[in-house]
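What follows is a single structure, written as structure tokens, with notes after it.
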Amino acid sequence: MYLAALIHDYDHPGVSNNFLIQTNDRLAMLYNDKSILENHHCSAAFNVLIQPKNHFLESLDRKPYKLFRANVVEMVLATDLTQHFSLLTTFKKKVNAFEWFILDWKDDRLTLMQMLMKCADVSNPTKAWPLYQEWITRITEEFFNQGDRESALGLPFSPYCNR
Numbered sequence: 001m002y003l004a005a006l007i008h009d010y011d012h013p014g015v016s017n018n019f020l021i022q023t024n025d026r027l028a029m030l031y032n033d034k035s036i037l038e039n040h041h042c043s044a045a046f047n048v049l050i051q052p053k054n055h056f057l058e059s060l061d062r063k064p065y066k067l068f069r070a071n072v073v074e075m076v077l078a079t080d081l082t083q084h085f086s087l088l089t090t091f092k093k094k095v096n097a098f099e100w101f102i103l104d105w106k107d108d109r110l111t112l113m114q115m116l117m118k119c120a121d122v123s124n125p126t127k128a129w130p131l132y133q134e135w136i137t138r139i140t141e142e143f144f145n146q147g148d149r150e151s152a153l154g155l156p157f158s159p160y161c162n163r
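Following full-length UniProt numbering, the numbering of the sequence shown begins with 1 at its first residue and continues without gaps.
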């Protein structure tokens, strides 16, 4: 989970998936308009991590490495808001049916890790007020910068992006 948390916004271009789609960005083309940023964060980070000087996972055998990487990717993909309701529905069904997670079950572990990742991703309002203010200022500026670009391109403003 730590690695997923560290890389979940790696090499973020400061715009939304929708902006990348609307502008026919190369990343939108590369990932076929599906979880563009989240796929990019994983790909870019793992491309750095597999470099010989950075490959701290090289001691893992092939099967554990593939499972580890797949779990990290799935956790990062869970931060895509378009996946929010399907993941939340899966989680709620388990909780409401009193089928609480059996951590020996791969799918249950992954669902729990995805939910924890989602919580961490949107946790800024739970931080101390000065830290929260710093992050809300940064995200607001990022949104407004995207809005400026949308305006310059004649695109409609995305939510929260109009100064």
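Yeah, the Cβ is synthetic: ideal placement off N, Cα and C, and Gly gets one too.
Would you kindly work out how many angstroms separate the C-alpha atoms of residue i and residue j, rounded to a whole number?
{"i": "TRP135", "j": "ASN124", "result": "7 Å"}
{"i": "LEU49", "j": "LEU57", "result": "8 Å"}
{"i": "LYS106", "j": "LEU67", "result": "10 Å"}
{"i": "residue 203", "j": "LEU81", "result": "This structure leaves residue 203 out entirely; the chain is present only between 1 and 163."}
{"i": "PHE19", "j": "PRO159", "result": "11 Å"}
{"i": "LYS63", "j": "ARG26", "result": "32 Å"}
{"i": "PHE143", "j": "HIS41", "result": "19 Å"}
{"i": "VAL95", "j": "LEU153", "result": "46 Å"}
{"i": "GLN22", "j": "SER151", "result": "13 Å"}
{"i": "SER43", "j": "THR140", "result": "26 Å"}
{"i": "PRO52", "j": "SER59", "result": "12 Å"}
Could you say which of the options lies nearest to residue i if we only look at CA atoms?
{"i": "PHE46", "options": "VAL122, THR111, VAL76", "result": "VAL76"}
{"i": "GLN114", "options": "TYR65, ALA70, ARG138", "result": "ALA70"}
{"i": "THR111", "options": "THR126, PHE85, VAL122, LEU131", "result": "PHE85"}
Over what stretch of residues does the alpha helix (DSSP H) that includes residue i continue unbroken?
{"i": "ILE50", "result": "Here ILE50 belongs to no alpha helix (DSSP H), and DSSP marks it neither H nor E."}
{"i": "GLU150", "result": "129-152"}
{"i": "ASP108", "result": "106-121"}
{"i": "ARG26", "result": "26-30"}
{"i": "ASN162", "result": "Premise fails: ASN162 is in no alpha helix (DSSP H) and is neither H nor E."}
{"i": "SER35", "result": "Premise fails: SER35 is in no alpha helix (DSSP H) and is neither H nor E."}
{"i": "GLN83", "result": "Run containing GLN83: none; DSSP gives neither H nor E here."}
Residue i and residue j: beta carbons closer than 8 Å?
{"i": "LEU88", "j": "MET1", "result": "no"}
{"i": "THR90", "j": "HIS8", "result": "no"}
{"i": "ASN145", "j": "GLY14", "result": "yes"}
{"i": "VAL72", "j": "LEU30", "result": "no"}
{"i": "ALA5", "j": "ALA120", "result": "yes"}
query: Using 8 Å as the threshold, is the region 21-34 in touch with the region 88-99, meaning 3 or more CB pairs across them?
result: no
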